[in-house]
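Student: One structure follows; several queries about it will come next.
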Amino acid sequence: MNREKVVFSFFMILALTLNFGFYVGEVDNPNHHNVYELFAVVVVNLIATVLKFGDRSQMGAMLLATSLVALVQLFSASIVWTYVVNIQGHEMTPEVMVTIISLSGGALIANFISVILLIIETSMMRH
Amino acid sequence: MSLVTSLIMRQMRAPIIILIIGYAISILGMALTPGLDDQGNLWYMSFFDAFYFVSYTATTIGFGEIPYPLSNAQRSWALFTIYLTVISWFYSLGKIISLVQDPTFREALKINHFKRQIERVPDTFILICGFGETGHALASALTERNIHTVVIENDAQIIQTLPLEDFKLVIPGIRGDASNPEDLITAGLQHPKCAAVIAATSSDEINLKIAITSKLLNPDICVICRSEIEEYESNMFSFGTDFVINPFDTFANIFAMAMHSPSLHLLYDWLTGVPNTDLTNPVYIKDGHWIICGFGRFGEGLYQQLLNSDIQVTVIDPSEEKREQFLNRPENHGNDFIIGTGFDAHTLTVAGVGHAVGLISGTDNDSNNLSIIMTAREINPDLFIVARHNKMNNEKLFSATHANIVMQPSEIIARKIRSLLVSPLMIAFLNKAKNQDPTWANITISRILGVLGESVPNIWTLHVNHEEARALCKTLRLGRIIRVGNLLQNPRQREQQIEAIPLMLKRNQKLLLMPSDDIALKSNDELLFCGTPGASRSMTWTLNDIHSLNYIMTYEETHDSTIWRKVTQFIKRKERRNRPRQNRHRIK
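One line per chain: the protein sequences are A and B, in this order. Residue numbering for the first sequence follows this note's numbering, starting at 1 and increasing by one per position. Residue numbering for the second sequence follows this note's numbering, starting at 128 and increasing by one per position.
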């Protein structure tokens, strides 16, 4: 067992599961989506991205690209949240929540692709 | 992704992750710790506030307790935050600094820099393997003629000092083992711009390896090898090495040339010298008794040349074995072989230095050679002395001895390779010149002196084709006649001549030495010129600028723009109509 692989897969799958956890629920209901969960998704995604740095293979490039996509989506979601709540000073409204959740939905797909690629790579190594 | 970025990214993984985790813990803790707002209500920092707080705390900027004074619970978490994040930063910075100092990383940076330098070379470059004395002399002469060179050398110190040296062009250098194919490829062996490889290391074995590698990995390029041992030489030729240069053979040939025809030797010396240095004086080698000290590769080569000219020779060498071999060969019967070193007066006197005309000090030890020269000069001050100079740093000593000819292996090789690379026509010219009588060489020399004056001329070739002589080709296609002499006219002042001499004309594989001025040029001709750099520039104008050519040929002015052309045509037609009939033929 390779410890590096365990850590690597752990963070990638954790990024996907946390992202999913944040995403599920009614799309316009702020009570169904926790800000702490979004924070966790961002942090775990950041770590997963950094773990993919410096791999010169084609697969490594694809993995890094998907992670970067997820990060862009999640950063946009957090910025929308911060802008509305902290800068404009409004309460969270269903319309804003929809934007945030759809952005995080995009990140979810990117994370999903990332995990699929990971599975493909692993199964290729088995053969 | 390049190797450098990849290395940085890989090395930076751990520090960045530590920073992310440190920040994440601090921010989360800050957002979860209860505080009080200005009205005394329970208040939690938002993630935005927490991120702001941690950011200015971690970077030790410290704006204070924003937006409300912190509660004790928040302060205790802030304490933890400070230590956690500041330590993470220290760790990351330390990692970055150690990465910059990492030898692998530095090596990668250097290779990257080298590759970018190669990419910046505008046309083609020549790869020099080994930057010893030969490599150095070559690089300086080639760059002097605007030929780009790239250097691979095993000694890191030489590569480090390379950028500090004063060459005319930037010479990219890389540290590497030239006998290792990987290193040669890194140095640009397979690069499309690589035109030739010169194996100029001091070891024949490494040179052989370089030649094989180059011919296998890039069969199209020209490979030039330095070699001092005969077996290696034939081995190099066996797989198609283009040129193998043996400094001793080369020198022996030059020596023979100097012996038979001093003026031809002088011509050779001038045309293959480093441009813009002073012209050398002729050497006259006298007939009579010669002494050779040291019967190695050098001495033997010169002995053969002296033997061919029926000159009486006495050889001095400490080896008994060589004496046996020497005396066993029937052609040597007229000559003596004395066992000895040559730097003691006794041996020299026995060898007959008193009445000898020339002495060759050809041992492979510079101190011995110097000692031989000094001792012999004391006995016979009129001796003609040929000195073998082995180590570059003894140069001052050898010039102080005032030896008539000093043979420096690296200089000989550099000179030969230079003439090979500067122009293939040059070699053909020198070969053809060898068969001419001495008067021819004398005339040529006086012509060069008369036109060019005191310094070694530049050499350049002209292909009469569309790339190199646009205007000339266009005009030739119109059926007009342009002669060699026209090229020598100054495009600014057509009555004046530029300081250049046509040395040879090559047409349909036929070579013509010193073409006269009235030969009409044809397309695809190749011409070899020598002259000043300014003359070469002036000639480029004549060749490529239609206005300059028209001016020289006293043709009518042509115009580039359509409107002007129409206007002049109109004016001409009008003139013609007004002119009396009989004069019409004269126009044009």
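The C-beta atom is built at its ideal place from N, Cα and C for all residues, glycine as well. Computed from a predicted structure; not experimentally measured.
Along the chain, where does the beta strand (DSSP E) containing B:D310 start, and where does it finish?
Tutor: The residue labelled residue 310 of chain B in the question sits at position 183 within the second sequence. B:D310 -> not in any beta strand (DSSP E); alpha helix (DSSP H) instead, spanning 308-313.
Student: Can you give the Cα-Cα distance for A:N86 and B:Q201, rounded to whole angstroms?
Tutor: Walking along the first sequence from the start, residue 86 of chain A turns up at place 86. Walking along the second sequence from the start, residue 201 of chain B turns up at place 74. Approximately 20 Å between the Cα atoms of the pair.
Student: Check whether the Cβ of A:T82 lies closer than 8 Å to any Cβ atom in chain B.
Tutor: To locate residue 82 of chain A, count along the first sequence from 1; it is residue 82. Yes, because at least one Cβ of chain B sits closer than 8 Å to the Cβ of A:T82.
Student: Considering just the uninterrupted stretch of the beta strand (DSSP E) at B:M534, what are its terminal residues?
Tutor: As a working mapping, residue 534 of chain B is identified with position 407 in the second sequence. Looking at the DSSP string, the run of the beta strand (DSSP E) that includes B:M534 is 532-534.
Student: Applying the criterion that 16 or more other CB atoms from any shown protein chain within 10 Å of the CB defines a buried residue, is B:D331 buried or exposed?
Tutor: By 1-based counting over the second sequence, the position of residue 331 of chain B is 204. Buried is the call here.
Student: Could you tell me whether the region 335-345 of chain B touches the region 262-272 of chain B, using the rule of 3 or more Cβ pairs below 8 Å?
Tutor: No, because fewer than three Cβ pairs between the region 335-345 of chain B and the region 262-272 of chain B fall closer than 8 Å, the two stretches do not touch.
Student: Bridge partners for B:E332 per DSSP, in chain order?
Tutor: Locating residue 332 of chain B in the second sequence gives position 205, counting from the first residue. Note: B:E332 sits in no beta bridge, so no partner.
Student: Just tell me which of B:P230, B:R302, B:I301, B:V277 has its CA closest to the CA of B:F294.
Tutor: If you number the second sequence from 1, residue 294 of chain B lands on position 167. Comparing Cα positions, the closest option is B:V277.
Student: Tell me which residues of the region 172-183 of chain B have at least one Cβ-Cβ distance to chain D shorter than 7 Å, keeping chain order.
Tutor: Of the chains in the structure shown, none is chain D; the protein chains are A and B.
Student: For B:S133, return the contacting residues in chain A, with the cut-off set at a CB-CB distance below 7 Å.
Tutor: As a working note, residue 133 of chain B is residue 6 in the second sequence. What B:S133 touches in chain A: G54, R56.
Student: How would you list, in chain order, the residues of chain A whose beta-carbon sits under 9 Å from the beta-carbon of B:M139?
Tutor: Here residue 139 of chain B refers to the residue found at position 12 of the second sequence. Correct list: V50, F53, G54.
Student: Show which residues of chain A have a CB atom less than 9 Å away from the CB atom of B:L155.
Tutor: As a position in the second sequence, residue 155 of chain B is number 28, starting the count at 1. Simply Y36, F39, A40, V43.
Student: What residues from chain A crowd round B:A151, counting only those whose CB sits closer than 7 Å?
Tutor: Here residue 151 of chain B refers to the residue found at position 24 when the second sequence is read from its first residue. What B:A151 touches in chain A: V43.
Student: Tell me the residue span of the beta strand (DSSP E) that contains B:R515.
Tutor: Sequence index remark: in the second sequence, residue 515 of chain B carries index 388 (1-based). Run containing B:R515: 511-515, per the beta strand (DSSP E) assignment.
Student: For a contact meaning CB atoms closer than 8 Å, what does A:N86 contact in chain B?
Tutor: On the first sequence, residue 86 of chain A is found 86 positions in, with the first residue counted as 1. Result: S173, F175, D176.
Student: Could you tell me which of A:E121, A:F112, A:T66 sits nearest to A:I13, measuring between CA atoms?
Tutor: Locating residue 13 of chain A in the first sequence gives position 13, counting from the first residue. Here the closest residue by C-alpha is A:F112.
Student: Does DSSP put B:F174 in a helix, a strand or coil?
Tutor: Working through the second sequence from its first residue, we reach residue 174 of chain B at position 47. In the structure shown, B:F174 sits in a helix (DSSP, three-state: H, G or I).
Student: Do B:A503 and B:L475 count as a contact pair if the criterion is CB distance below 8 Å?
Tutor: Position 348 of the second sequence, counting from 1, holds the residue named residue 475 of chain B. Position 376 of the second sequence, counting from 1, holds the residue named residue 503 of chain B. Cβ atoms of B:L475 and B:A503: closer than 8 Å.
Student: The beta strand (DSSP E) that contains B:T528, what's its start and end?
Tutor: By 1-based counting over the second sequence, the position of residue 528 of chain B is 401. It is not in any beta strand (DSSP E) - B:T528 carries neither H nor E in the DSSP assignment.
Student: Please list the terminal residues of the continuous alpha helix (DSSP H) segment that includes A:V75.
Tutor: As a working note, residue 75 of chain A is residue 75 in the first sequence. It should be noted that the sequence gives Phe, not Val, for residue 75 of chain A. Note, A:F75: alpha helix (DSSP H), 58-82.
Student: I'd like the list of long-range same chain contacts for B:Y411, defined as Cβ closer than 7 Å, with 5 residues on each side in sequence excluded.
Tutor: Start at 1 with the first residue of the second sequence, and residue 411 of chain B comes out as number 284. Around B:Y411: P389.
Student: Within a Cβ cutoff of 6 Å, which residues of the same chain sit near A:L103, ignoring the five residues on either side of it in sequence?
Tutor: On the first sequence, residue 103 of chain A is found 103 positions in, with the first residue counted as 1. The residues are Q73, S76, A77.
Student: Would you please state the rounded distance, in angstroms, between the beta carbons of B:G198 and B:P161? I believe it to be under 8 Å.
Tutor: Counted from its first residue, the second sequence places residue 198 of chain B at position 71. Counted from its first residue, the second sequence places residue 161 of chain B at position 34. According to the sequence as given, residue 198 of chain B is Ser; it is not Gly. Indeed, because the Cβ distance is near 7 Å, the residues count as touching under 8 Å.
Student: Quickly, what does DSSP pair B:A647 with across the bridge? List them, please.
Tutor: Position 520 of the second sequence, counted from the first residue, corresponds to residue 647 of chain B. BP columns for B:A647 point to B:R610.
Student: Does the beta-carbon of B:R515 have 16 or more other beta-carbons within 10 angstroms, so that it is buried, or is it exposed?
Tutor: Indexing the second sequence from 1 puts residue 515 of chain B at position 388. Flag for B:R515 reads buried.
Student: Closer than 8 Å by C-beta to B:H387: which residues in its own chain qualify, once you throw out the five before and the five after it? Chain order, please.
Tutor: Counting from one through the second sequence, the residue named residue 387 of chain B turns up at place 260. Excluding positions up to five away in sequence, the list reads S436.
Student: Would you say A:I101 reaches chain B, if we count a Cβ-Cβ gap shorter than 8 Å as a contact?
Tutor: For the purposes of this step, residue 101 of chain A is taken as residue 101 along the first sequence, with counting starting at 1. No, its Cβ sits nowhere closer than 8 Å to a Cβ of chain B.
Student: From B:G479 to B:L510, what distance separates their C-alpha atoms?
Tutor: Position 352 of the second sequence holds residue 479 of chain B. Position 383 of the second sequence holds residue 510 of chain B. Cα to Cα, B:G479 sits roughly 12 Å from B:L510.
Student: Name the chain B residues that come within less than 8 Å of A:I47, Cβ to Cβ?
Tutor: Indexing the first sequence from 1 puts residue 47 of chain A at position 47. Residues of chain B passing the Cβ test: I144, I147, I148.
Student: Considering just the uninterrupted stretch of the alpha helix (DSSP H) at B:H263, what are its terminal residues?
Tutor: Position 136 of the second sequence, counted from the first residue, corresponds to residue 263 of chain B. Start and end: 260-271.
Student: With distances taken Cα to Cα, identify the nearest neighbour of B:Y195 among B:D165, B:Y218, B:G577, B:Y171.
Tutor: By one-based count along the second sequence, residue 195 of chain B stands at place 68. Residue B:D165 is the option with its Cα nearest to B:Y195.
Student: Is the Cβ of B:M136 closer than 8 Å to any Cβ of chain A?
Tutor: The sequence position of residue 136 of chain B within the second sequence is 9, counting from 1. Cβ-Cβ to chain A under 8 Å: yes for B:M136.
Student: Can you find a CB in chain A that lies within less than 8 Å of the CB of B:E309?
Tutor: Indexing the second sequence from 1 puts residue 309 of chain B at position 182. Judged by the 8 Å Cβ criterion, B:E309 is not in contact with chain A.
Student: If you reduce the DSSP assignment to three classes, tell me which class B:K95 lands in.
Tutor: In this structure chain B extends from 128 to 715, so residue 95 of chain B is not present and cannot be described.
Student: Between B:V513 and B:G467, how many whole angstroms is the CB-CB distance? I'm expecting something under 8 Å.
Tutor: Sequence index remark: in the second sequence, residue 513 of chain B carries index 386 (1-based). Sequence index remark: in the second sequence, residue 467 of chain B carries index 340 (1-based). No, B:V513 and B:G467 are not in contact; Cβ-Cβ is about 19 Å, not under 8 Å.
Student: Does chain B have any CB closer than 8 Å to the CB of A:F8?
Tutor: On the first sequence, residue 8 of chain A is found 8 positions in, with the first residue counted as 1. For A:F8, the answer is no, since every Cβ of chain B falls outside 8 Å of its Cβ.
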